[in-house]
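Quick note: the sequence shown uses my numbering, first residue -19, plus one each step.
All C-beta atoms in this analysis are idealised placements derived from N, C-alpha and C, irrespective of residue type, glycine included.
It should be emphasised that the depicted structure is a prediction, and the values quoted were computed from it without experimental measurement.
A short write-up of the structure that comes next.
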Amino acid sequence: MKKILFIIPDLHNRVTGANKRAILLAEELSKLHSVIVFSKKKISYINDKKYTLTLDTSLVSILSIFTKNRINYWFCDTIYFAILPLPGLIFTLHDMKEWAKYNRSGFIKKIILYLISKKAKYLITVSENQREIIKKYLYRDSLVFYNAVSKEWLDFPYSVGLGDQKIKDKYVLYVSNFSNHKGHYDILKNRHIFSGYKIIFIGTPIDKGGELIKKNIEKTSGCFVYSDIEEFELIRWVDNASFILFPSHYEGFAMPVLESIILKKKVLINKKLDLNHFKSCKNIKKVSFSDGLNLNDIAWAESSVNYCDKCNCRYGWNDIAEKIDATIL
């Protein structure tokens, strides 16, 4: 049994795909190894998915952890924490926005990311698309471990006990944090075509641009924003939606799409997205949000869900944790 450290700065913001992945992997790997999780506020020991000890994060508690434990590996997906001088780094690159049109960083961050990619013992990512981009810009091969879904999604409705509770108003749904590359304004441009539907947005601003987007959406008639919701609430919103929207301009994996498929929802996604892991799914349609949706797109989304063995992604984080354990731990 090895000692593994996870650095998850915003531990409790699980609505983001990155945070979900990190904490669920930490919990699953705790069935196989001794796991410690660092966040900005708390340090937690996890044993067999049980939180056995929690401390406030401080210099004293951090020094105590490293004094008492010989860490074999540590997982991190945050650039500024990954520069810490610790051996055994397993760095997760969810996407490569630093080299995309909608990047939020400059030249210095690119250099830091390049150095981290060389420093890491293992570099892992979430899709073959991202693996190729990483190879192109960082000249480093990476291991691909796809995203999965948590037990609550796989076991729905029994996991949350809300399967028979329907939300009365018809609505379409977009689950995504607010940032410029997420395409929220493309939905607003198309809102005339969603006649008879409310438009629900679930997410949190992750930068100043995102804060402005959220404010503008909240001022738009027929549009509603929900932030900081629990996982069972998110599941209920997805389950009761008429169909799902995903106009994002850039994604590494798009976990909300996977979660929607699991709950047998049709999804309209931006045709610019390069998500080959969903390319054969009969319940996903690529459309042009920027040029304008048409009535055929809406009719397709409103039609019944197809059975699709190509997108029956009913695998859980335990499967991914076991693959990681067998491959790199």
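Query	Result
Cβ-Cβ separation, Phe204 to Ile180 (assumed contact under 8 Å), whole Å	5 Å
Leu73 and Leu95 closer than 9 Å at C-beta	no
Cβ pair count under 8 Å reaching 3, the stretch 248 to 261 against the stretch 226 to 235	yes
Host beta strand (DSSP E) of Ser270 (start-end)	No beta strand (DSSP E) contains Ser270, which DSSP labels as neither H nor E.
Stretch-stretch touch, CB-based, cutoff 8 Å, three pairs: the stretch 252 to 266 with the stretch 231 to 244	yes
Inter-residue Cα distance where the pair is Lys131 and Ser44	34 Å
Alpha helix (DSSP H) segment containing Lys89, residue limits	Phe87 to Lys99
Three-state class that DSSP yields for Thr307 in the structure shown	helix
Proximity below 9 Å, CB of Ser156 to CB of Ile114	no
Same chain, Cβ closer than 7 Å to Ser240, neighbours up to 5 away in sequence not counted	Val218, Ile224 and Val247
Contact under 9 Å by Cβ, Ile(-16) with Ile16	yes
Residues that Cys56 bridges to, as DSSP identifies them	Ile(-13) and Phe71
Contact check, Val152 vs Ser222, beta carbons under 9 Å	yes
Which of helix, strand or coil DSSP assigns to Thr200	coil
Short Cβ contact (9 Å threshold) for Trp297 with Glu7	yes
Nonlocal neighbours in the same chain, by C-beta distance under 7 Å from Asn170, ignoring five residues either side	Phe269, Gly272 and Leu273
For Leu33 and Glu112, the rounded distance between their alpha carbons	40 Å
Member of Ile51, Ala281, Tyr117 and Lys30 whose CA lies at the smallest distance from the CA of Lys90	Tyr117
Simplified DSSP state of Ala234, which is helix, strand or coil	coil
In DSSP terms, what Gly296 is bridged to	Val129
Per DSSP, the bridge partner or partners of Ile264	Val247
Simplified DSSP assignment, three categories, for Tyr177	coil
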